[in-house]
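Worksheet: the structure to be examined is printed underneath.
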Amino acid sequence: MTARLPATASRTECPPTPAAPRSAPGQWARRGGLLCASVFLLLVGVAAAWPGLLSVHTPDVTDLSATLQGASPEHLLGTDRLGRDTLSRLIYGARISLLLGLTATGLGFLAGLVWGLTAGLSGRVVDEVAMRSADVFMSVPSMLMVLLVIAIFGAGERNAALAVAVGIAPGFARLVRGQTLVVKNTGYVAAAVSLGLPARAVILRHIVPNVLPPLFVYATMTLGQTIIVGASLSFLGLGPQPPTPEWGLMLAEARGYLQRAPLLGVYPGLAITLTVLSIATVGRALQLRFEGRDAR
Amino acid sequence: MNERTLSPQARWWIRRGLLGIVVVWGAATVTFIGMQLLPGDKATLIAGGGSLGGATPEVLAAITREYGLDRPLIAQYGDFLARLIHGDLGTSYQRGAPVAELIWSQLGSTVVLALGAAVLGFVLAVVLATSTAARPRGRAVTSTVELVLLSTPSAWVGILALTVFSFELRIFPAIGNDGIASLVLPWVTLALPIAAALAQVMRDGLERALEQPFATTVLSRGATHGRLRWRHLARHSLIPVLTLSGWSLAELLGGVVIVETVFARAGIGQLLVTAVTSRDFPVVAGVVILSAVVFVVVNVIVDALYRVVDPRLRETTP
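Structure, rendered in structure tokens:
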């Protein structure tokens, strides 16, 4: 079975060819991109943590006398079909969209860690069963796996996060297992075992810490994708329910008013894309640093 | 090794076939477990629990008997697998029709959508990769565009396409299933992320091939750069594309769900979303099992294609 990791696509793009040394302007563009991405992520982070700091209006106050308005000093990005302030909804939406992605990635990370460690540290039979079942999970497109989980447990914010986590856990499991097999056979683990350390201590103190680093890079890459999947679920009406301010949901609500208020469909998508793009940019920088390819 | 009667080729095919069956069986088992995890009484679910007051105890008892819900789980699992082998995917809770029939009736429009998008994505990727490989300026621009495309939710691409081309310029219809015109925007929306990912790996493959001695040889024989790229390197750029085919397929099947919703097209994606929303589990399970079958078949084809594209693989035993 071929692996299908969205991250591979962007990963293969990186290796700098020896034939074309990076030019100074390229360097500056890269630096500038990284800076912009970091600043934007910081902004989104602030919006998610303290939305009240950034927004003037409350996100769910309706005003039926001022629906679908264009930009004005009062409503910088206009209002939606119920007269709610679009900018405020975008700002408040950051929390739910980010939280959905972060929770899903965190859960998938943990599940994959346990799954992969079990496979890598147990005997052949357990390993084989664990990895074949990962194959099975990965042979169903993750979007369908996510929908299957929602069909079982129902729509909603928490179930959406759980479903996305199920979709990404096998990818983590594979990575952890591969990494575990490498770490297991290193000299320091052999030394720890021969010193008589109990198995639990060897695993927690020597194996897990060395399995984790590449996982964080992968998690960063995955986070962007989980945010997209999360927002897509909300768009389908299977995530957080109205009137929650959430980017995917705002996109779905705008779908019916594209003719009268076309910009309503632009902002939430832009917010998702810029966030994911920024995460990818920062993630790639992390990856380069981790692989020691940042050497200028 | 000890079976001298079978050629390595035949053994390879048998092994691949068996692995495929294991994967489909696994997917079926996952859906069966999912079915057991459904909250609430199953007979009530089948009776369509939403109807006023629910079904009478007699009806529920009849359903329990008919579906064998009173039998041990392992027997139900056996039944489920046996029916699956005969192509019986069960009956929709909501519509009362066989799931296989429901899927079959929607399959055509989704296949047209997905296949068209796959071809479009592939062609776009070939053009992008071949024209920008090892050309720093073009590379910088397109790889940025590709990164942006991979970071954009399809739902948004679809909404932007609708806004611009259907509502502002009025070139394509906004919704519906009729004709090629209604397919253009869905095709493009579905194809863009695939084109972006494929172009990235293709360009990588091309650049690696360009560094190999044979590229210099071809040029020294008087071939133009264009000829080198299109005639001699294309094969090399196809290998990473094949490696990504599993990802592309998943992207396509997942994308279909979104694109059909954005453009209000009938198809498997719509069927699936409706089923998930109304907790019509057999339909969801049916689509999942079907997609696992498609995935396995495509993977076997891809593995066979590797040997066609890369003659080096044919010489060594599998």
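So the protein lines, in turn, are chains A and B. So the first sequence is residues 1 to 296, counted in the working numbering. So the second sequence is residues 1001 to 1318, counted in the working numbering. The beta carbon of each residue, even a glycine, is placed where N, CA and C say it ideally should be.
What did DSSP end up calling residue i once you bin it into helix, strand or coil?
{"i": "A/ASP85", "result": "strand"}
{"i": "A/THR186", "result": "coil"}
{"i": "A/ALA67", "result": "The residue asked about is misnamed: residue 67 of chain A is Thr in this sequence, not Ala. Residue state, collapsed to three classes: coil."}
{"i": "B/THR1044", "result": "helix"}
{"i": "B/THR1224", "result": "coil"}
{"i": "B/ARG1015", "result": "helix"}
{"i": "A/PRO213", "result": "helix"}
{"i": "B/VAL1059", "result": "helix"}
{"i": "B/THR1152", "result": "coil"}
{"i": "A/THR275", "result": "helix"}
{"i": "B/ASP1310", "result": "coil"}
{"i": "B/ARG1231", "result": "helix"}
{"i": "A/GLU74", "result": "coil"}
{"i": "B/GLU1211", "result": "coil"}
{"i": "B/VAL1302", "result": "helix"}
{"i": "B/GLY1020", "result": "helix"}
{"i": "A/ARG30", "result": "helix"}
{"i": "A/GLN241", "result": "coil"}
{"i": "A/HIS206", "result": "helix"}
{"i": "A/VAL56", "result": "coil"}
{"i": "B/GLY1005", "result": "For the sequence presented, residue 1005 of chain B should be read as Thr rather than Gly. B/THR1005: coil per DSSP, three-state reduction."}
Any Cβ of chain B within less than 8 Å of the Cβ of residue i?
{"i": "A/ASP135", "result": "yes"}
{"i": "A/SER72", "result": "no"}
{"i": "A/VAL69", "result": "For the sequence presented, residue 69 of chain A should be read as Gln rather than Val. Output row for A/GLN69: interface = no."}
{"i": "A/VAL282", "result": "no"}
{"i": "A/ALA299", "result": "Because residue 299 of chain A is not part of the residues shown, which for chain A are 1 to 296, the question remains open."}
{"i": "A/ILE272", "result": "yes"}
{"i": "A/MET143", "result": "yes"}
{"i": "A/GLN259", "result": "yes"}
{"i": "A/ALA111", "result": "no"}
{"i": "A/LEU277", "result": "yes"}
{"i": "A/SER304", "result": "No statement about residue 304 of chain A is possible, as the shown extent of chain A runs from 1 to 296 and does not include it."}
{"i": "A/SER232", "result": "yes"}
{"i": "A/ALA104", "result": "no"}
{"i": "A/ALA130", "result": "no"}
{"i": "A/LEU238", "result": "yes"}
Using a Cβ-Cβ cutoff of less than 6 Å, which residues in the same chain neighbour residue i once the five nearest sequence positions on both sides are dropped?
{"i": "B/GLN1133", "result": "It is Ala, not Gln, that sits at residue 1133 of chain B in the sequence shown. So the list reads ARG1203, LEU1206, GLU1207, once near-sequence residues are dropped."}
{"i": "A/LEU82", "result": "THR62"}
{"i": "A/GLY167", "result": "SER142, MET145, VAL146"}
{"i": "A/ALA271", "result": "LEU90, TRP247"}
{"i": "B/LEU1120", "result": "TRP1187, ALA1191"}
{"i": "A/PHE290", "result": "VAL217"}
{"i": "A/GLY93", "result": "PRO245, GLU246, TRP247"}
Tell me which residues share the same chain as residue i and place their Cβ nearer than 8 Å to its Cβ, disregarding the 5 neighbours each side in the sequence.
{"i": "B/VAL1294", "result": "LEU1249, LEU1253"}
{"i": "A/ILE150", "result": "ASN159, ALA160, ALA163, LEU233, LEU238"}
{"i": "B/ALA1223", "result": "ARG1231, HIS1232"}
{"i": "A/ILE227", "result": "SER97, LEU98, LEU100, GLY101, ILE272, THR275, VAL276, ILE279"}
{"i": "A/LEU41", "result": "THR275, SER278, ILE279, VAL282"}
{"i": "A/SER72", "result": "GLY78"}
{"i": "B/LEU1305", "result": "LEU1242"}
{"i": "B/LEU1272", "result": "VAL1257, VAL1283, VAL1284, VAL1287"}
{"i": "B/LEU1162", "result": "ALA1174, LEU1185, VAL1262, PHE1263"}
Would a check of beta-carbon distances place residue i closer than 8 Å to chain A?
{"i": "B/VAL1119", "result": "no"}
{"i": "B/ARG1265", "result": "no"}
{"i": "B/ILE1258", "result": "yes"}
{"i": "B/ILE1159", "result": "yes"}
{"i": "B/VAL1288", "result": "yes"}
{"i": "B/GLY1040", "result": "no"}
{"i": "B/TRP1156", "result": "yes"}
{"i": "B/GLY1050", "result": "Bear in mind that the predicted position of B/GLY1050 carries a pLDDT of just 49, short of 50, making it unreliable; the figure below should be weighed with that in mind. Answer no: the Cβ-Cβ gap between B/GLY1050 and chain A never drops below 8 Å."}
{"i": "B/PRO1318", "result": "Confidence at B/PRO1318 is low in this model, with a pLDDT of 45, below 50, so its placement is unreliable and the value that follows should be read with caution. It does not: the Cβ of B/PRO1318 has no partner Cβ on chain A nearer than 8 Å."}
{"i": "B/ALA1114", "result": "no"}
{"i": "B/ARG1312", "result": "no"}
{"i": "B/PHE1080", "result": "no"}
{"i": "B/GLY1096", "result": "no"}
Kindly identify the DSSP beta-bridge partner or partners of residue i.
{"i": "A/THR62", "result": "Looking at the DSSP assignment, A/THR62 forms no beta bridge with any residue, so it has no partner."}
{"i": "A/THR79", "result": "A/ASP85"}
Take residue i and list the residues in its own chain whose beta-carbon comes closer than 7 Å to its own, dropping the five residues that flank it on each side.
{"i": "A/LEU263", "result": "GLY78"}
{"i": "A/GLN179", "result": "VAL211, PRO214"}
{"i": "A/LEU258", "result": "GLY265"}
{"i": "A/ARG260", "result": "LEU68"}
{"i": "A/HIS57", "result": "ASP85, SER88"}
Taking 8 Å as the threshold (beta carbon to beta carbon), is residue i in contact with chain C?
{"i": "B/PHE1295", "result": "The structure shown contains no chain C; the protein chains it does contain are A and B."}
message = My parser needs the alpha helix (DSSP H) runs of 4 or more residues fully inside the segment 1066-1105 of chain B; what are they?
response = Runs found: 1073-1085.
key: Completely contained alpha helix (DSSP H) runs for the segment 245-290 of chain A, where each covers 4 or more residues   = Within the segment 245-290 of chain A, the alpha helix (DSSP H) runs of at least 4 residues that lie entirely inside it are, in chain order, 247-254, 267-290.
task = Could you pull out every unbroken alpha helix (DSSP H) segment of at least 4 residues lying fully inside the segment 1251-1286 of chain B, listed in chain order?
result = The qualifying runs are 1268-1277.
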